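When you number the sequence shown by full-length UniProt numbering, it's gap-free, plus one each residue, and the end is 306. The next block holds one structure in the form of structure tokens; read it before the comments.
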Amino acid sequence: MSFNDNASLDTSRMGGGGGGGRGPVIAGGGGIVGLIVAVVYFLFTGNLPGGDGGQSQAPAEQGQQQGQGSGYEECRSGADANESRTCLMVGGENSLYDYWSNQPDLKQGLGDREFPNPTVNIYSGQTQSQCGTASNQVGPFYCPLDQGIYIDTDFFDIMERQLGAEDGPLAELYVLAHEYGHHIQNLYGVLEESQKDPKGANSGAVRVELMADCFAGMWVQDAATTKDKNGNTLLEQPTEEQIRNALGAAKSVGDDTIQKRSGGGVNPDGWTHGSAQARQGWFIKGMQAENINQCDTFEVDNPENV
């Protein structure tokens, strides 16, 4: 999925300074399982896995201040988004913001309130949020305590080398769209369901993750209609190859795929995100959805049967 060269990029909702996180490095590593693109488990504990015990060393305002034009000076146009991963994330944020802030079901639910956008934080190596400190070994994550999305773009190389995902802009934007989906779940009060039932193929955690995949698909379906602040179309229609790459990214972070790559057998009782087939299936379902209710994974008996 390519950006239109003449589209304007808006960095005002970005945080993290385009790289260079300020938090201490996490002790230890999560290994390949820790690289799952996840909603982190600290909704009620305030802790990142392997993090600093939830001691928030940086308030939400710090991440927001860093992003107000700081570290993203090279991200001005769609042409920049086609050349730089950091600018790709800026462009992706712009498109996701335009899509979700104008999504009819969400607008109706918000009433007269303004859409509360997340802050997208790009960092390098390590970062800190109100949910704790993290490195790219945690993988991209959403912190509901500061409504921030945190992505180290080096993760995309890891996703390709270790998890077998295909390279491509839409595959990388899928990751951002999935995390943005967690923010939408947070607004609806759904995100906490992952903690009530945290493991298993039919668990609340899996249903939350698959719903975020479906939300990502909803955005892809209409991404080429999203506009920049001047009314210019941000993105071109995705090609079939780009959609295949995004589906490959969804497959690469399926629980069964990761369990196989880590050398163990497939154990659905330990799943937290869903199988590769389910992740791809709900992404496709989102691309075909006519409204947000069709992504409700809690309304089906078994979310694996999609």
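For every residue, glycine included, the Cβ atom is placed at its ideal position computed from N, Cα and C. Here the structure is a predicted model, which is why all the values come from computation and not from measurement.
W282 and A212 have their C-alpha atoms spaced approximately 9 Å apart.
DSSP places G248 in the helix class (H, G or I) of the three-state scheme.
Collapsing the DSSP output to three states places F141 in a strand.
Runs of the alpha helix (DSSP H) lying entirely within the stretch 181-261 and spanning at least 4 residues, in chain order: 193-196, 204-222, 240-252, 255-261. The beta carbons of Q185 and M287 sit no closer together than 9 Å.
Across the set D105, S101, K199, Q126, the C-alpha of S101 shows the shortest separation from the C-alpha of P116. The Cβ-Cβ distance between D256 and A224 does not fall below 9 Å. Remark: C-beta atoms of V175 and T297 do not approach each other more closely than 9 Å. The criterion of a C-beta distance shorter than 9 Å is satisfied by P238 and M1.
One alpha carbon belongs to G139, the other to K251, and they sit about 16 Å apart. Beta-bridge partners of V120 (DSSP): M14, I149. In the structure shown, the three-state DSSP call for Q126 is strand. With distances taken between CA atoms, S77 lies nearest to L234 out of L234, F215, N202. In this structure, DSSP gives S101 a helical state, which the three-state scheme calls helix. Here the stretch 195-202 lies against the stretch 262-274, with 3 or more beta-carbon pairs under 8 Å apart.
Contact check for L210 against V306 passes: the beta carbons are separated by less than 9 Å. Apart from sequence neighbours up to five positions away, the residues of its chain that approach K285 with a beta-carbon distance below 8 Å are C214, G217, Q294, C295, V306, ordered along the chain. A straight line joining the alpha-carbon of Y188 with that of G111 spans about 13 Å. In the structure shown, G281 adopts helical secondary structure according to DSSP, grouped into three states. Beta-bridge annotation (DSSP): F3 is paired with L235.
In the DSSP assignment, the residues bridged to A134 are T127. Per DSSP, reduced to three states, the secondary structure at S8 is strand. Contact between Q130 and D146 holds: their C-beta atoms lie close to 4 Å from each other, under 8 Å. Ranked by how close their Cα comes to the Cα of N302, the residues E290, Q280, G274 have G274 in first place.
It is roughly 5 Å from the alpha-carbon of A278 to the alpha-carbon of E304.
Annotation: V190 to F141 spans about 16 Å, alpha carbon to alpha carbon.
When the beta-carbon positions are compared, E172 and T153 come within less than 9 Å of each other.
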